[in-house]
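Participant: Here you go, one structure.
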C-alpha cells in the first residue's frame, strides 16, 4: 500500500522525513543524491529512466521527484510533463537536476511543470534548501 500525498511519515529530530524519487540514469549521480538525501533523513526511491520514473511516481506517490533531463527513451522534460499534467501525480513537485545549464533549458523545464531547476554538480546545501522549499509548498 503506497502512502498518499503528505501522509504520516516517520519523524527524525522533529522533522517529518520525505519520500523522494530520484530519476537519473547515472549510477554516480544516483549515489551522490541518495547519500545527500539519506543524510538528511529522507527515504529514497530510484528509477533509471523517465518511463520507470513516471510509473514509480504513479505507484508510490513520493513527496517530490528529482529529475534528470538527458536519459534514454522518455527524457526528463517529457517525464516531468507527464507527471505534472496527470491528475494522479500533479500534486508531486518535480525538481529538475541536470547538466543542461542553458537558460532555454530552464525555461522549458519550468514550462513542463518543474517547480525548480538545479544544475549539476549540485551541492548538498542548495539541494536540501531547494527541496525543503518545494516540500513546504
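In the numbering used here, the protein residues as written are 190 to 326. All C-beta atoms, glycine included, are put in the ideal place defined by N, C-alpha and C. All values reported here derive from a predicted model rather than from experimental measurement.
(1) Are there three or more Cβ pairs, one per stretch, closer than 8 Å when the segment 251–268 is compared with the segment 284–293?
(2) What does the alpha-carbon distance come out to for the pair residue 217 and residue 224?
(3) Report back the beta-carbon spacing between residue 329 and residue 305 to the nearest angstrom; my notes put them in contact at under 8 Å.
(4) Applying the criterion that 16 or more other CB atoms from any shown protein chain within 10 Å of the CB defines a buried residue, is residue 298 buried or exposed?
(5) For the alpha helix (DSSP H) containing residue 312, name the first residue and the last one.
(6) Looking only at its own chain, which residues have a Cβ that is under 6 Å from the Cβ of residue 279, when we skip the five neighbours before and after it?
(7) Take residue 256 as the anchor and find which of 314, 307 and 220 has the nearest alpha-carbon.
(8) Comparing C-alpha positions only, which one of 213, 221 and 230 sits nearest to residue 207?
(9) Between residue 271 and residue 243, what straight-line distance do the alpha-carbon atoms span, to the nearest angstrom?
(10) Within the same chain, show all residues whose beta-carbon is closer than 6 Å to that of residue 213, passing over the 5 residues directly before and after it, in chain order.
(11) For residue 236, count neighbouring Cβ atoms within 10 angstroms of its own Cβ and tell me buried if that reaches 16, exposed if not.
Facilitator: By the coordinates alone:
(1) A contact exists between the segment 251–268 and the segment 284–293.
(2) Cα-Cα distance, rounded: 11 Å.
(3) Outside the shown range of the chain, which is 190 to 326, sits residue 329, and nothing can be said about it.
(4) Counting C-beta atoms within 10 angstroms of its own C-beta, residue 298 has 16 or more neighbours from the protein chains shown and is therefore classed as buried.
(5) Segment: none, residue 312 is in no alpha helix (DSSP H) and carries neither H nor E.
(6) Excluding the 5 residues flanking it on each side, residue 279 has same chain C-beta neighbours closer than 6 Å at 273, in chain order.
(7) When each option's Cα is compared against that of residue 256, the closest is 307.
(8) When only C-alpha atoms are compared, the closest one is 230.
(9) Using only the alpha carbons, I get a separation of about 7 Å.
(10) Same-chain partners within the cutoff: 219 and 257.
(11) Looking at its Cβ environment, which holds 16 or more other Cβ atoms inside 10 Å, residue 236 is buried.
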